[in-house]
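Asks: Can you keep this structure in mind? I'll have questions shortly.
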Amino acid sequence: MHFDKTIIYVDMDHVLCDYKTGFARHKARFPDLAFPQSEPGLYVDLDPLPGAIDSYRWLHNHPETAVFILTAPSIQNSHSYSEKRLWVERHLGMEVVENLIITPHKHLNRGDYLVDDMPSGKGQEHFGGELVLFGSKSFPDWRSVRDYFEERLQYDA
Ligand SMILES: [Mg+2]
1499 MHFDKTIIYV
1509 DMDHVLCDYK
1519 TGFARHKARF
1529 PDLAFPQSEP
1539 GLYVDLDPLP
1549 GAIDSYRWLH
1559 NHPETAVFIL
1569 TAPSIQNSHS
1579 YSEKRLWVER
1589 HLGMEVVENL
1599 IITPHKHLNR
1609 GDYLVDDMPS
1619 GKGQEHFGGE
1629 LVLFGSKSFP
1639 DWRSVRDYFE
1649 ERLQYDA
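To convert, take the position in the sequence shown, counting from 1, and add 1498; that gives our numbering.
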């Protein structure tokens, strides 16, 4: 189905979603809880990071790519599964919900690129493709990620 395309995975927290700001907001809402993320509402209410939605759509609509969201759940918090699904529908639409993969084992997915802010912990270190480390010196923001793929996809064509 996607064998002739460049397969790109994109993480959610700290990549598409502003988890840092959202967590601080949620913590202020539940100041007495050690784990405020255990209360529903955190994941679905996260703001997109600057440029995330436009860049994701650009990647998704590129004729050479098959793009998927690859996010690890917070396994203690079952609402994180449904709220991630709702977030994707709200910000990217049902077409992208079709390409939402929620897994704590990212390396089991075959592909060419993984855009993630973490180099390890959820299987990133064993991913078969190239890790595009979001937030690093080379990829501090979505502009730099998009520039990179503009060059790579053109080059690969
Ligand atoms: Mg992340």
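In this text, a Cβ means the ideal position worked out from N, Cα and C, and glycines have one as well.
Small disclaimer: the values here were computed from a predicted structure and weren't measured.
Buried or exposed: where does F1533 fall if 16 or more other Cβ atoms within 10 Å of its Cβ makes it buried?
Replies: So F1533 ends up on the exposed side.
Asks: Within a Cβ cutoff of 7 Å, which residues of the same chain sit near L1531, ignoring the five residues on either side of it in sequence?
Replies: Excluding positions up to five away in sequence, the list reads E1537.
Asks: Consult DSSP for D1614 and reduce its assignment to one of helix, strand or coil.
Replies: D1614: strand per DSSP, three-state reduction.
Asks: What's the C-alpha gap between L1651 and D1645?
Replies: The straight-line gap from Cα to Cα measures roughly 10 Å.
Asks: Going straight from the alpha carbon of P1548 to that of Y1554, what length do you get?
Replies: Cα to Cα, P1548 sits roughly 11 Å from Y1554.
Asks: Across the stretch 1608-1626 and the stretch 1572-1586, are there enough close Cβ pairs to call them in contact, namely three or more that are closer than 8 Å?
Replies: Taking 8 Å as the limit for Cβ pairs, the verdict is that the stretch 1572-1586 does not touch the stretch 1608-1626.
Asks: CA-CA distance, P1638 and P1529?
Replies: Approximately 31 Å, taken between the alpha carbons.
Asks: State the CB to CB distance for the pair K1604 and G1626, rounded to an integer number of angstroms; the pair is presumed to be in contact (CB under 8 Å).
Replies: Contact flag wrong, Cβ pair sits at about 10 Å.
Asks: So if DSSP puts L1540 in a beta bridge, which residue, or which two residues, is it bridged to?
Replies: DSSP lists no partner for L1540.
Asks: Leaving out the 5 sequence neighbours to the left and right, which residues in its chain are closer than 6 Å to G1633 when beta-carbon positions are compared?
Replies: Around G1633: D1615.
Asks: Just to confirm the assignment: which complete alpha helix (DSSP H) runs, minimum length 4, are found wholly within the stretch 1542-1581?
Replies: List check, alpha helix (DSSP H) in window: 1550-1559.
Asks: If you run the structure through DSSP and keep just helix, strand and coil, what is V1513?
Replies: Note: V1513 maps to coil in three-state DSSP.
Asks: Return the first residue and the last residue of the beta strand (DSSP E) that E1628 is part of.
Replies: Counting along the chain, the beta strand (DSSP E) containing E1628 begins and ends at E1628 to L1631.
Asks: So, are the CB atoms of D1509 and I1567 less than 9 Å apart?
Replies: Closer than 9 Å, so yes.
Asks: Compare the beta carbon distance of S1578 and L1606 with 9 Å and say whether it is the shorter of the two.
Replies: No, Cβ-Cβ distance for S1578 and L1606 is not below 9 Å.
Asks: Please report the distance separating the alpha-carbon of Y1517 from that of L1544.
Replies: Answer to the nearest angstrom: the Cα atoms are 6 Å apart.
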